[in-house]
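Trainee: I am attaching a structure below and will ask some questions about it afterwards.
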Amino acid sequence: MEREYKDTFRNINRSLKGEDIRMLSPLQLAYIGDAVYELYIRTYLLNKGTPVNKLHNEATQYVKAKSQSDILHALKGFLTEEEKALVRRGRNAKQKSIPKNADVMDYKYATGFESLIGYLYLTGQDARMMELFDMIVNIPMGN
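Converting from the sequence shown to the numbering used here requires adding 32 to each position, the first position being numbered 1.
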């Protein structure tokens, strides 16, 4: 019997629900958020028609810690109180190490940003996530 694969990717998370998701550590949420955000940016750049030889460099402009920190500051006025609390939890999470090419505060804010994205993804808040992503791609990215 052939398995039905409709919406399989979106339905990978079958066991984590409500309270289970709220009990995840901010670093676990950031782990998922990092992957979801990276996939969104890569897909966005492909859809935008970015030449193959520029994909990596352009993606890096969106996903590096400094950019994520800047994005979070730009979105601050658009976040709900619950989202701000999630960001704070992520930002204040104890990190075992900070990459040598990242500023400590930028890295903490980036972790907060990724925690928020991970939470929105795991809780199925796709419309809200896409609303934020639509704002993000309109924020000028520096080098």
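For each residue, glycine too, the CB sits at the ideal point set by N, CA and C.
To the nearest whole angstrom, what separates the beta carbons of L61 and S147, a pair I think is in contact under 8 angstroms?
Mentor: Their Cβ separation, rounded to whole angstroms, is 4 angstroms, which keeps L61 and S147 in contact under 8 angstroms.
Trainee: The alpha helix (DSSP H) that contains I130, what's its start and end?
Mentor: Counting along the chain, I130 falls outside any alpha helix (DSSP H), and DSSP gives it neither H nor E.
Trainee: For P83, count the other beta carbons within 10 Å of its own beta carbon; 16 or more makes it buried, fewer makes it exposed. Which is it?
Mentor: The residue in question, P83, is exposed, as its Cβ has fewer than 16 Cβ neighbours within 10 Å.
Trainee: By how many angstroms is the C-alpha of N170 removed from the C-alpha of I103?
Mentor: So the alpha carbons of these two residues sit roughly 10 angstroms apart.
Trainee: In terms of residue numbering, what span does the alpha helix (DSSP H) encompassing M167 cover?
Mentor: Start and end: 158 to 168.
Trainee: Going along the chain, which residues of its own chain have a beta-carbon closer than 7 angstroms to the beta-carbon of Y23, five neighbours each way excluded?
Mentor: The question about residue 23 has no answer here: the residues shown for the chain are numbered 33 through 175.
Trainee: My understanding is that E98 touches D66, with C-beta atoms under 8 angstroms, so please give their C-beta distance in whole angstroms.
Mentor: The question names Glu, but residue 98 in the sequence shown is Lys. With a Cβ gap of about 15 angstroms, K98 and D66 do not count as contacting.
Trainee: Roughly how far, in whole angstroms, is the beta-carbon of R123 from the beta-carbon of G144, given that I think they are within contact range, below 8 angstroms?
Mentor: At roughly 4 angstroms, the Cβ-Cβ gap stays under 8 angstroms, so R123 and G144 are in contact.
Trainee: Here's a check: name, in chain order, each residue in its chain whose Cβ is nearer than 7 angstroms to the Cβ of E115, leaving out the five neighbours to either side.
Mentor: L148.
Trainee: Given I64, which residues of its chain have a CB within under 7 angstroms of its CB, disregarding the five upstream and five downstream residues?
Mentor: The answer, listed in chain order, is G150, Y153, L154.
Trainee: Let's test the definition: count the other Cβ atoms within 10 Å of the Cβ of L118 and tell me whether it reaches 16, buried, or not, exposed.
Mentor: Flag for L118 reads buried.
Trainee: List, from N- to C-terminal side, the beta strand (DSSP E) runs of 3 residues or more that fit wholly inside the segment 38 to 107.
Mentor: Qualifying beta strand (DSSP E) stretches: none in this window.
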